[in-house]
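Peer 1: In the working numbering, the protein residues as written are 6 to 177.
Note that the Cβ used here is the ideal one computed from N, Cα and C, for glycine as well.
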């Protein structure tokens, strides 16, 4: 069976989505070296090859960063927790992973208020002008080239002076 190729609009959406995940990894002060982000042009989707090592609120922010950047790139500021019911059948979808992590962090409760609070902090970080500039540059590179290395992504974040978790005073 033949799969369809992404349209230009889909390619842009996925590029911002993946750049949003990477932005939150950078923000939480993790190295992006030896990692890469890829757009799968022969099917709908992307991959950022960034493993989740922990089950913390910071990991939840990384998961939320993708869909948040995707919405922001379309000029939409979500007013409720990000959930995509059609994705729940896929155990690896962002929606399923977000919902499962919220439950783990909240003692088995699917706490939408908690998720929205974390999501809003994530939105504020991604919308910070220097961070948004870097996200946009990474997404544009993905659209043009189909992939970007972690090293190149990190260089863009540094060039834009994007904020990190521990603030500007800790950056050299």
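Can you name the residues that DSSP bridges to residue 129?
Peer 2: Answer by DSSP bridge pairing: none, since residue 129 is not bridged.
Peer 1: Per DSSP, residue 41 is paired with what?
Peer 2: Bridge partners of residue 41: 154.
Peer 1: Assuming residue 72 is part of the alpha helix (DSSP H), what are its boundary residues?
Peer 2: Looking at the DSSP string, the run of the alpha helix (DSSP H) that includes residue 72 is 62 to 78.
Peer 1: What are the boundary residues of the alpha helix (DSSP H) that includes residue 112?
Peer 2: Segment: none, residue 112 is in no alpha helix (DSSP H) and carries neither H nor E.
Peer 1: Where do the ends of the alpha helix (DSSP H) carrying residue 16 lie?
Peer 2: Element bounds for residue 16: 13 to 32.
Peer 1: Could you check how far apart the C-beta atoms of residue 28 and residue 44 are, in whole angstroms? I think they sit under 8 Å.
Peer 2: Rounded, the Cβ-Cβ distance is 16 Å, inconsistent with contact.
Peer 1: Note down the Cα distance separating residue 164 from residue 41, rounded to an integer number of angstroms.
Peer 2: Using only the alpha carbons, I get a separation of about 18 Å.
Peer 1: Rounded to the nearest angstrom, how far is the Cβ of residue 77 from that of residue 103, given a contact under 8 Å?
Peer 2: That belief does not hold up - the Cβ atoms of residue 77 and residue 103 are roughly 17 Å apart, past 8 Å.
Peer 1: Nearest by alpha-carbon distance to residue 155: which of 17, 30, 37 is it?
Peer 2: When only C-alpha atoms are compared, the closest one is 37.
Peer 1: Distance, Cα to Cα, residue 32 vs residue 65?
Peer 2: Distance between the alpha carbons of residue 32 and residue 65: 13 Å.
Peer 1: Classify residue 17 as buried or exposed, calling it buried when 16 or more other Cβ atoms lie within 10 Å of its own Cβ.
Peer 2: So residue 17 counts as buried.
Peer 1: With a threshold of 16 other CB atoms inside 10 Å of the CB of residue 85, please say whether the residue is buried or exposed.
Peer 2: It is exposed - the Cβ of residue 85 has fewer than 16 other Cβ atoms within 10 Å.
Peer 1: Comparing C-alpha positions only, which one of 169, 39, 68 sits nearest to residue 137?
Peer 2: Residue 169 is the option with its Cα nearest to residue 137.
Peer 1: Could you tell me whether the Cβ atoms of residue 144 and residue 24 are closer together than 8 Å?
Peer 2: Yes. Within cutoff.
Peer 1: Are the Cβ atoms of residue 67 and residue 26 separated by less than 8 Å?
Peer 2: It is a contact, given that the beta carbons lie within the stated cut-off.
Peer 1: Given that a residue counts as buried once 16 or more other Cβ atoms are within 10 Å of its Cβ, and exposed if not, what is residue 146?
Peer 2: Buried is the call here.
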